[in-house]
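Numbering (UniProt numbering), first residue to last: 1 to 170.
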């Protein structure tokens, strides 16, 4: 059976799509949002949407469909969180054996690192996190986001230059 003849609505084909793409899709969303729970929720919702629209989705396009749906769900969640975060109070309650100076330095470094990564253009941030956190090769990243390997290399190079400039050699 050729891939074009496979139906996403058949349970075995749907399960093969899930098994092949759920983990990388979760990582993709996690690098965008930074929350494992939120990433898992978005991925679950994306697969539910794939199942509900299985008759409309071509088997060979299921991966692209999932990534597009997950990305759109993430963007919708970001818009919602902007409103929620205005009113949310954060109370840090951290008990530690570390010295206050160490805790302060560590916190400042983490904040600077997060700010610097957040300042990266979306494409560079995505490539950087997929490579450095998820240990994906440039070829794997190129396949995930639909670019050439050279484009991925260039984004990574630019991301590293910006990060080194802001926080020193990493």
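Think of the CB as a built atom: it goes at the ideal place given N, C-alpha and C, for glycine as much as any other residue.
The structure displayed is predicted, hence computed values, not measured ones.
Please classify residue 124: is it buried, with 16 or more other beta-carbons within 10 angstroms of its beta-carbon, or exposed? buried
### Query
Given that a residue counts as buried once 16 or more other Cβ atoms are within 10 Å of its Cβ, and exposed if not, what is residue 155?
That one is buried.
Cβ pair residue 7, residue 59 closer than 8 Å: Yes, these two residues count as a Cβ contact at 8 Å.
Item to complete: Please work out which residues of its chain come closer than 8 Å, Cβ to Cβ, to residue 162, disregarding the five sequence neighbours upstream and downstream, and give them in chain order.
Response: 116, 119, 120 and 124
query = Does the pairing of the segment 124-136 with the segment 22-33 give three or more beta-carbon distances under 8 Å?
reply = yes
Helix, strand or coil for residue 133? Go by DSSP, reduced to three states. Residue state for residue 133 is assigned as coil, using DSSP reduced to three classes.
Among residues of its own chain, excluding the 5 on either side of residue 64, which ones have a beta-carbon nearer than 6 Å to its beta-carbon?
none
*Quickly, what does DSSP pair residue 7 with across the bridge? List them, please.*
In the DSSP assignment, the residues bridged to residue 7 are 58.
Is residue 98 helix, strand or coil by DSSP?
coil
Q. Using a Cβ-Cβ cut-off of 7 Å (strictly less than) and excluding sequence neighbours within five positions of residue 18, which residues of its own chain qualify?
A. Apart from sequence neighbours up to five positions away, the residues of its chain that approach residue 18 with a beta-carbon distance below 7 Å are 47, ordered along the chain.
Worksheet item: So, is residue 104 buried or exposed, given that buried needs 16 or more other C-beta atoms within 10 angstroms?
Response: exposed
### Query
Roughly how many angstroms lie between the CA atoms of residue 126 and residue 108, to the nearest whole one?
23 Å
Could you tell me if residue 152 is buried or exposed, where buried requires 16 or more neighbouring beta carbons within 10 angstroms of its beta carbon? buried
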